[in-house]
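Sequential numbering of the sequence shown, starting at 2, is according to our numbering. This report refers to the structure that appears directly beneath it.
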Amino acid sequence: MDKTKEFYDVVIIGGGSAGLTAGIYCGRAKLNTLIIEKSLIGGLATYTNEVENYPGFPEKITGTELMNLFHKQAKKFGVKFKQTPVRAVNLTHERKTVETFRNIYEAKAVIIASGGKPRLTNAPNEEKFLYGKGISFCATCDAAANIDKTVMVVGNGDSAIEEGIFLTKFAKKVIVSVTRDVGNLKCHHAAKEEAFKNKKMEFIWNTRVHSFESKGEFLEKVILKNTKNDKLLSFKVDTCFLFIGYNPDTEIFKNIVNMTSDGYIPTNEKMETNIKGVYCVGDARNKSLRQISTAVNDGAIAGYYAEKYISENGNRTK
Ligand SMILES: Cc1cc2nc3c(=O)[nH]c(=O)nc-3n(C[C@H](O)[C@H](O)[C@H](O)COP(=O)(O)OP(=O)(O)OC[C@H]3O[C@@H](n4cnc5c(N)ncnc54)[C@H](O)[C@@H]3O)c2cc1C
């Protein structure tokens with residue numbers, strides 16, 4: 002099958018908060034802009050029931066409502082949308098190509114906004130309690146809902162321990178499930194010292210999640226299994242926070258764009274990757290805080306510099 006060719010100033014891969022913001026900036030700068038989204042427009046934010054920390058919405062807003070507004074604003078500035086996965090890219094030449102099942106899109110600039118997903122334990126019943134039903138991946142987002150409650154943190158790296166310490170400011174107890182032997186955490190030394198001094202934190206060593214349990218809709222218990230003696234341990238918790246890693250959705254850019262060993266794409270302050278005219282924004286980018294507000298920041302900067310790059314380097318299609 003011969004693929005149809007279309008031409009754009011900018012193609013944005015991923016229609017989450019970062020990609021939509023980049024789209025708003027490119028569209029408003031009168032660039033001929035296409036956003037390609039393989040699944041839900043709005044991305045990961047649409048899984049969040051209540052967004053309480055995005056400025057401008059003191060009465061709370063659901064992730065879907067917020068993303069619908071982003072989408073509407075991008076469409077207002079003439080951004081076009083295609084709902085299909087990007088399968089391959091060729092980014093090294095001045096004219097870059099982005100390939101889907103039926104089409105080849107040629108662009109002067111490409112913005113990678115493909116995000117990622119938090120890693121799961123794959124224990125039984127996990128899917129049932131994801132996103133607002135008791136399993137969380139974001140202490141910044143869900144700590145305030147756990148004042149004086151008992152929570153569990155699964156993980157023992159920097160983010161697990163730092164977020165666990167943060168959660169002690171809200172919860173009455175933070176149980177930490179650690180796969181390693183007593184006293185052995187993978188996080189940096191200062192966090193380890195602080196965590197061991199914190200009276201609200203209780204470490205359950207040599208354990209993995211065996212299952213998530215509840216008689217109702219919301220998570221009630223986490224069952225841990227001791228990996229040394231196979232004993233099952235049951236914990237009543239209000240929320241279980243999983244900090245066992247994050248998988249950036251950057252597989253199709255491997256060996257094309259520079260990335261870290263865990264798949265994040267480094268950029269400079271202009272969101273430029275190592276390839277001229279190729280930008281990376283949002284959760285796929287190598288950075289420390291992954292939030293809607295930081296995705297918006299990245300998208301705005303990339304949109305601004307993509308416009309400058311295109312104006313300086315060639316004719317715009319509009
Ligand atoms: C449970 C949870 C709760 C959260 N709560 C909050 C909160 O309250 N406040 C807050 O600020 N942040 C919150 N966050 C973080 C926030 O959701 C993310 O930081 C933000 O959505 C990242 O936006 P993004 O555009 O970079 O990525 P995403 O939203 O992940 O968007 C990337 C998009 O790219 C698409 N894509 C990937 N590969 C391809 C491809 N090959 N072709 C086409 N499309 C592709 C994906 O389908 C996806 O839609 C939360 C995160 C989680 C997991």
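From the three backbone atoms N, C-alpha and C, an ideal C-beta is built for every residue, glycine too.
{"Check": "Taking contact to mean at least 3 C-beta pairs separated by less than 8 Å, is the segment 62-76 in contact with the segment 32-51?", "Outcome": "yes"}
{"Check": "Can you tell which of Phe-71, Arg-96, Val-155, Thr-34 has the C-alpha that lies nearest to the C-alpha of Ser-18?", "Outcome": "Phe-71"}
{"Check": "When burial is assigned at 16 or more other CB atoms within 10 Å of the CB, is Arg-286 buried or exposed?", "Outcome": "buried"}
{"Check": "Is Glu-100 near ligand 1, going by C-beta to nearest heavy atom under 6 Å?", "Outcome": "no"}
{"Check": "Drop a sphere of 10 angstroms on the beta-carbon of Thr-22, count the other beta-carbons inside from all chains shown, and report buried for 16 or more, exposed for fewer.", "Outcome": "buried"}
{"Check": "Can you tell me where the alpha helix (DSSP H) with Gln-1 in it begins and where it stops?", "Outcome": "It is not possible to answer for residue 1, since the shown part of the chain is limited to 2 through 319."}
{"Check": "Under 7 Å, do Lys-134 and Phe-219 count as touching if we go by C-beta distance?", "Outcome": "yes"}
{"Check": "Assuming Thr-240 contacts Val-175 under a Cβ cut-off of 8 Å, what Cβ separation, rounded to an integer in Å, is found between them?", "Outcome": "Not a contact, Cβ separation roughly 10 Å."}
{"Check": "By how many angstroms is the C-alpha of Val-12 removed from the C-alpha of Lys-237?", "Outcome": "48 Å"}
{"Check": "Is Asp-239 close to ligand 1? I mean its beta-carbon at under 6 Å from any heavy atom of the ligand.", "Outcome": "no"}
{"Check": "Hey, is Pro-119 close to ligand 1, as in C-beta under 6 Å from one of its heavy atoms?", "Outcome": "yes"}
{"Check": "Would you check if the distance between the CB atom of Lys-81 and the CB atom of Leu-35 is smaller than 7 Å?", "Outcome": "yes"}
{"Check": "May I ask which residues mark the beginning and end of the beta strand (DSSP E) holding Tyr-106?", "Outcome": "104-113"}
{"Check": "Say yes only if the C-beta of Leu-45 is nearer than 6 Å to one or more non-hydrogen atoms of ligand 1, and no if none qualify.", "Outcome": "yes"}
{"Check": "Could you check where the alpha helix (DSSP H) with Thr-295 kicks off and where it finishes?", "Outcome": "293-314"}
{"Check": "Just to check my reading of the structure: Arg-120 and Tyr-247 have Cβ atoms closer than 8 Å, yes? What is that Cβ distance to the nearest angstrom?", "Outcome": "6 Å"}
{"Check": "So, for Gly-20: in the same chain, excluding its five sequence neighbours on each side, which residues have a beta-carbon less than 6 Å away from its beta-carbon?", "Outcome": "Ile-13, Ile-36, Ala-114"}
{"Check": "Shorter than 6 Å, the distance from the beta carbon of Ile-37 to the closest heavy atom of ligand 2, or not?", "Outcome": "Absence of ligand 2 from the depicted structure is noted, with ligand 1 being the only ligands included."}
{"Check": "Which two residues bound the contiguous alpha helix (DSSP H) that contains Phe-197?", "Outcome": "190-198"}
{"Check": "With distances taken between CB atoms, is the gap from Ala-172 to Lys-200 smaller than 7 Å?", "Outcome": "no"}
{"Check": "Which runs of the alpha helix (DSSP H) at least 4 residues long sit entirely within the segment 12-37? Give them in chain order.", "Outcome": "18-29"}
{"Check": "Taking 7 Å as the cut-off, decide whether the C-beta atoms of Ala-385 and Glu-214 are in contact.", "Outcome": "Missing from the structure shown is residue 385; the chain here goes from 2 to 319 and no further."}
{"Check": "Starting from Thr-98, follow the beta strand (DSSP E) in both directions and report where the run begins and ends.", "Outcome": "97-100"}
{"Check": "Nearest to Phe-242 by alpha carbon, out of Thr-261, Cys-142, Asn-54?", "Outcome": "Cys-142"}
{"Check": "What does DSSP give as the partner residues of Tyr-9 in its beta bridges?", "Outcome": "Ala-108"}
{"Check": "Beta-carbon within less than 7 Å of Thr-169's beta-carbon, same chain only, minus the 5 sequence neighbours each way: which residues are those?", "Outcome": "Val-175, Asn-199, Lys-201, Met-202"}
{"Check": "Between Lys-216, Glu-38, Glu-100, which has its C-alpha nearest Phe-130's C-alpha?", "Outcome": "Lys-216"}
{"Check": "Less than 6 Å separating the Cβ of Asn-69 from some heavy atom of ligand 1?", "Outcome": "no"}
{"Check": "For Val-179, verify whether its CB is less than 6 Å away from any heavy atom of ligand 1.", "Outcome": "no"}
{"Check": "How many angstroms separate the CA atom of Pro-59 from the CA atom of Asn-104?", "Outcome": "42 Å"}
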